[in-house]
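Take a look at the structure below.
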Amino acid sequence: MRRMVLYLGMSLDGMIADQTHGVEWMTGQDPSDSQEGSYSEFIQTVDTIWMGRTTYDQIVSQLSPGLWPYEGLETYVFTHRPVSDAPAGVQFTSQPLDRLARDLKRRPGKDIWLCGGADLARQALALDLVDELRLTILPVLLGGGVPLFGPLPASKQLALTRVQERNGMVECSYLRREEWNRSDL
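Residue 163 in the numbering used here sits at position 162 of the sequence shown, and the numbers go up by one each step.
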């Protein structure tokens with residue numbers, strides 16, 4: 002069965018964007034280090050992306066204007082505001098997350114990447130839709146911004162399955178503890 006993976010970077014104080022919603026700070030301790038992190042390996046494991054409307058707008062207007070970086074991947078953007086000119090493969094939806102997750106997980110394919118933002122991640126975590134969290138902690142304290150984690154209706158027990166360090170950034174991978182207890186890790 003397909004899994005949903007929350008894969009993103011955050012500051013040491015838990016922010017996924019700064020106070021102006023910028024992400025330019027997302028570099029290791031040596032910004033000139035050209036060594037690639039885990040992204041190229043990770044992107045090969047997914048064929049579907051979930052994102053919120055704010056994340057979509059940031060990608061098309063700031064991070065990759067004029068060039069959709071996820072060509073060939075099925076992308077769902079959760080929004081109540083319609084969009085007129087979307088890249089190929091991008092679908093805008095307001096359907097309930099749990100229903101779409103259930104439908105997608107039953108289909109054959111690779112994993113589903115929960116790409117952002119914070120509100121969508123919190124909703125998916127609250128509904129127990131996220132199977133794995135892969136969080137890269139960057140060596141910066143922002144002192145404010147967009148926090149990844151906010152209030153949840155219940156605690157989430159996790160099991161650390163992998164830690165990897167590169168250029169001062171630490172990627173931690175977690176499974177839901179009940180999944181980890183059933184695995185052979």
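Where a beta carbon is used, it is the ideal one built from N, C-alpha and C, also for glycine.
Cβ-Cβ distance between residue i and residue j below 9 Å
{"i": "Tyr-77", "j": "Ile-50", "result": "yes"}
{"i": "Thr-56", "j": "Gly-10", "result": "no"}
{"i": "Trp-7", "j": "Ala-102", "result": "According to the sequence as given, residue 7 is Leu; it is not Trp. Contact flag unset, no."}
{"i": "Gln-165", "j": "Ser-39", "result": "yes"}
{"i": "Asp-132", "j": "Arg-100", "result": "no"}
{"i": "Pro-148", "j": "Gly-15", "result": "yes"}
{"i": "Arg-123", "j": "Gly-29", "result": "no"}
{"i": "Gln-92", "j": "Glu-72", "result": "no"}
{"i": "Pro-88", "j": "Trp-69", "result": "yes"}
Rounded separation between residue i and residue j - CA only
{"i": "Ser-12", "j": "Thr-46", "result": "25 Å"}
{"i": "Ala-155", "j": "Ala-127", "result": "8 Å"}
{"i": "Thr-21", "j": "Leu-143", "result": "11 Å"}
{"i": "Gln-96", "j": "Ser-33", "result": "42 Å"}
{"i": "Thr-162", "j": "Leu-134", "result": "10 Å"}
{"i": "Leu-105", "j": "Lys-111", "result": "10 Å"}
{"i": "His-81", "j": "Gly-90", "result": "18 Å"}
{"i": "Val-171", "j": "Leu-139", "result": "7 Å"}
{"i": "Pro-66", "j": "Asp-58", "result": "10 Å"}
{"i": "Ser-35", "j": "Thr-137", "result": "17 Å"}
{"i": "Arg-107", "j": "Asp-31", "result": "42 Å"}
{"i": "Gln-63", "j": "Arg-3", "result": "31 Å"}
{"i": "Asp-86", "j": "Ile-113", "result": "24 Å"}
{"i": "Glu-37", "j": "Phe-43", "result": "12 Å"}
N-terminal and C-terminal residue of the alpha helix (DSSP H) that residue i is part of
{"i": "Phe-79", "result": "Phe-79 -> not in any alpha helix (DSSP H); beta strand (DSSP E) instead, spanning 75–79."}
{"i": "Asp-119", "result": "Note on residue identity: the sequence assigns Ala, not Asp, to residue 119. It spans 119–127 - the alpha helix (DSSP H) in which Ala-119 sits, taken as one unbroken run."}
{"i": "Arg-54", "result": "54–59"}
{"i": "Glu-180", "result": "178–183"}
Residue i - containing beta strand (DSSP E), residue span
{"i": "Arg-82", "result": "Arg-82 -> no beta strand (DSSP E), and no H or E assigned at all."}
{"i": "Tyr-71", "result": "From DSSP, Tyr-71 is part of no beta strand (DSSP E); its letter is neither H nor E."}
{"i": "Ser-12", "result": "5–12"}
Nonlocal neighbours in the same chain, by C-beta distance under 7 Å from residue i, ignoring five residues either side
{"i": "Asp-120", "result": "Gly-53"}
{"i": "Val-24", "result": "Ala-18"}
{"i": "Arg-183", "result": "none"}
{"i": "Leu-130", "result": "Met-5, Leu-98, Asp-99, Ala-102"}
Coil, strand or helix - residue i by DSSP
{"i": "Arg-163", "result": "strand"}
{"i": "Asp-99", "result": "helix"}
{"i": "Glu-172", "result": "strand"}
{"i": "Phe-43", "result": "helix"}
{"i": "Arg-108", "result": "coil"}
{"i": "Gln-63", "result": "helix"}
{"i": "Gln-92", "result": "strand"}
{"i": "Ser-33", "result": "coil"}
{"i": "Thr-21", "result": "coil"}
{"i": "Thr-137", "result": "strand"}
{"i": "Leu-153", "result": "coil"}
Contacts around residue i, its chain only, beta-carbon distance under 6 Å, and the 5 residues preceding and following it disregarded
{"i": "Ala-160", "result": "Leu-176, Arg-178, Trp-181"}
Contacts around residue i, its chain only, beta-carbon distance under 8 Å, and the 5 residues preceding and following it disregarded
{"i": "Trp-26", "result": "Ser-12, Asp-19, Leu-139, Val-141, Leu-143"}
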